[in-house]
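Heads up: take any position in the sequence shown, counting from 1, add 1, and you land on the numbering used here.
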Amino acid sequence: MWLNKLKIEATYKSADTEEFLDRIFYRKVGYGMAVVSKAMGLTPNVVTFISIIFGVTAGHLFYYQNTTINLIGVLLLITAEALDGADGQLARLTNTYSRFGRIFDGVAGNLMFISIYLHLSARFVVEGGTGWIFLIALISGASHSFQSAMADFYRIFYLYFVQGKNKDIDDLNEVKETYAKLSWLRSPFKKFLLRVYINYRRQQNLLAKNVRSLYEFVEQKFNGLTPSWLSEEYRKLNKPMIKYQNILTTNTRMIVLFITIFIGNVLHYFLFELIILNLLLVYFVIKEEKIHEYLLSFAKTKKEQANA
């Protein structure tokens, strides 16, 4: 059977970090899309571009006060989300992974939600609401970006410490050097992507100090190879945090979005973003930094004992 469970799981970044809804739906659908895309000769970036078309169009359809049109928008957004996962699955199937592809994938998600936020705000005004909703949407969008950035950052390091995967960890100085070498005339798209990525990484580095310190310690003292005792301790403490990472990314906010579109006020979605998810973000980052502070102390003690 072409939708073989083992083949699908081989396209996961990690079984630990895959959300329930992703495992039972998005990764299965995405795998099918990836297989078809591979047969058609499509690249991961082309699949990403197609996902943008679906997602941005979905945002536009949320503007209308029509249940049927809104439902079509929901289906388009679900398709866009499946395609957004399929591009990564295709990259792993074809071994065509690249930094620019990863950045483009992140930009794609932002473009989709920019369309959604703008059209929801316009709908709110048309329904008699205040124009201040656009400012609320702007702050919500910034919050969304920060929430996703931090969740993604800790997920990347989970893969590094637990599974030894470091291809998503970039040296910010090296990224800046690459950015400086690119020309706006000759490579405008790549330079734009790197500009966005540099800002994204600065967001992440702003709060995540201890996880970076632990990473640098392992790189320097263990040649980038996480000892099994540290990997086990890391997984034990951080696996329970993955559920918060998942809430801060896409699926939960999409469910809330769909509920507010059909049975609520779109303002409720922005309030969920601003209040509930930002409170969760604060808890999540504080907890993660305490965990990594302990793990750094734990690793240093073990290293000193080994050298004694």
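Ideal Cβ positions, reconstructed from N, Cα and C, are used throughout, including at glycine.
Only a predicted model underlies this, so the values are computations on that prediction, with no experimental measurement involved.
- For the pair of segments examined, the segment 234-244 was found not to touch the segment 97-111: the number of CB pairs separated by less than 8 Å stays below three.
- Look at Pro228 here: in three-state DSSP terms it is coil, with no helix or strand label.
- Counting only unbroken stretches of 4 or more residues, the alpha helix (DSSP H) elements lying wholly within the segment 218-270 are 229-239, 243-248, 252-264, in sequence order.
- Annotation: the continuous alpha helix (DSSP H) that includes Arg156 extends over 134-164.
- Segment contact: the segment 221-234 against the segment 156-168, three or more CB-CB distances shorter than 8 Å; contact assigned.
- No Cβ-Cβ contact shorter than 9 Å links Arg156 with Tyr64.
- Between the C-alpha atoms of Ala209 and Leu226 there is a straight-line separation of about 21 Å.
- By the neighbour-count criterion, in which 16 or more other beta carbons inside 10 Å mark a residue as buried, Asp106 falls on the buried side.
- Taking C-alpha positions only, Phe218 is separated from Phe299 by approximately 12 Å.
- Out of Ile248, Ser141, Ala92, the CA that lies nearest to the CA of Ile276 is found in Ser141.
- Inclusion of Met113 and Val75 in the CB contact set at 9 Å is not warranted, their separation being larger than that value.
- Rounded to whole angstroms, the separation of the alpha carbons of Phe154 and Ile292 is 15 Å.
- Note that the C-beta distance between Ser52 and Leu84 is below 9 Å.
- Here Ile264 is exposed: its Cβ has fewer than 16 other Cβ atoms, across all protein chains shown, within 10 Å.
- Here DSSP, grouped into helix, strand and coil, assigns Ser38 to helix.
- Counting along the chain, no alpha helix (DSSP H) covers Lys210, and no H or E run does either.
- Judged by beta-carbon spacing, Tyr118 lies beyond the 9 Å limit of Ala150, meaning their Cβ atoms are not closer than that value.
- The straight-line gap separating the alpha-carbon atoms of Phe50 and Gly110 is approximately 11 Å.
- Looking from the CA of Phe21, the closest CA among Lys244, Lys240, Asn174 belongs to Lys244.
- Between Leu94 and Ala35 the beta-carbon gap is near 6 Å, inside 8 Å, which marks them as a contact.
- The C-alpha of Arg202 is placed about 15 Å away from the C-alpha of Thr179.
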